[in-house]
Amino acid sequence: MKRFVEANDIVMLKADKTKNPPEIDELLLKLGNPTRQIPFYAIFPAGRANRPIVMDGLYASPDAFIKKLEEAAASEAVVDR
């Protein structure tokens with residue numbers, strides 16, 4: 151997965167919820183996570199940052215993430231046309 155991220159100039163951010171900062175809970179709610187549970191992932195495709203691709207839960211393989219990242223890249227190509 152690291153190679154895929156680097157090859158596609160993807161910027162990854164991680165929020166630290168260990169001290170329960172309210173701004174992270176607010177963002178989780180805005181992203182459609184009413185329980186504010188983690189892990190929770192949001193991919194913001196270029197050209198449609200107001201409609202992120204969201205995922206929750208644990209994954210044993212990076213394949214699910216790569217598939218969603220590929221979807222995001224494909225949506226960027228459509229926007230560029």
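For the sequence shown, our numbering gives the first residue as 151, with consecutive numbering after it.
Note that the Cβ used here is the ideal one computed from N, Cα and C, for glycine as well.
- As a beta-bridge residue in DSSP terms, VAL204 pairs with ALA192.
- When the Cα atoms are used, SER211 and ARG186 turn out to be separated by approximately 23 Å.
- Judged by DSSP in its simplified three-state form, ASP213 adopts helix.
- Separation of PHE194 and ASN170 (C-alpha to C-alpha, rounded to the nearest whole angstrom) is 23 Å.
- In the structure shown, LYS164 adopts coil according to DSSP, grouped into three states.
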